[in-house]
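Okay, so here's the structure we're looking at.
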Amino acid sequence: MSDSTKTPEGKTGYYQRHIFFCLNDRTNGEESCAHHGAEDAFARCKAAVKAAGLAGPGKVRVNKAGCLDRCAGGPIAVVYPEGTWYTYVDASDIDEIVESHLKNGQVVERLLTPPEVGR
Ligand code: FES
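Position in the sequence shown counted from 1, then plus 22, gives you our numbering.
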């Protein structure tokens with residue numbers, strides 16, 4: 023197995039990094055990530071990862087997720103294996119996560135979800 027399929031800790035994995043976007047869309051009047059541009063952010067991230075040549079085994083996978091139970095910080099995305107939680111606002115935030123974290127392994131500190139934020 024090549025080095026490209028190893029996590030930063032040296033473990034082997036099918037993907038080097040995996041980002042999940044909460045796309046939960048509540049219809050009961052409560053807030054959810056889908057009310058704050060999550061679908062557009064997911065699509066932008068997927069396209070940017072592909073355009074950068076980062077998509078595929080040994081590289082990056084962009085996935086949809088349901089509620090990640092940190093709704094108060096939404097819209098939410100999380101990157102593994104680091105377990106880095108992001109609260110993004112707009113397309114430029116997504117571009118920065120792709121370029122900095124998914125491509126170069128550098129956490130985007132300004133977009134981190136505060137640790138105490140839950141549902
Ligand atoms: S609705 Fe997105 S984390 Fe719960």
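A virtual CB, placed ideally from N, CA and C, is assigned to each residue, including glycine. Being a predicted model, the structure only gives us computed values, none of them experimental.
Expressed to the nearest angstrom, what Euclidean distance is found between the alpha-carbon atoms of residue i and residue j?
{"i": "residue 81", "j": "residue 124", "result": "9 Å"}
{"i": "residue 111", "j": "residue 97", "result": "7 Å"}
{"i": "residue 94", "j": "residue 139", "result": "6 Å"}
{"i": "residue 71", "j": "residue 120", "result": "7 Å"}
{"i": "residue 42", "j": "residue 74", "result": "18 Å"}
{"i": "residue 128", "j": "residue 60", "result": "22 Å"}
{"i": "residue 46", "j": "residue 54", "result": "6 Å"}
{"i": "residue 108", "j": "residue 83", "result": "16 Å"}
{"i": "residue 23", "j": "residue 35", "result": "In this predicted model, residue 23 has a pLDDT of only 45, less than 50, meaning its place in the structure is not dependable; the value taken from the coordinates is given anyway. Computed Cα separation, rounded: 9 Å."}
{"i": "residue 133", "j": "residue 115", "result": "8 Å"}
{"i": "residue 141", "j": "residue 126", "result": "30 Å"}
Taking DSSP as the reference, what is the three-state secondary structure of residue i?
{"i": "residue 86", "result": "strand"}
{"i": "residue 39", "result": "strand"}
{"i": "residue 134", "result": "strand"}
{"i": "residue 101", "result": "strand"}
{"i": "residue 77", "result": "strand"}
Report all residues for which the CB-ligand distance to some heavy atom of ligand 1 is below 6 Å; order them along the chain. Result: 44, 46, 54, 55, 89, 90, 91, 92, 93, 96, 98.
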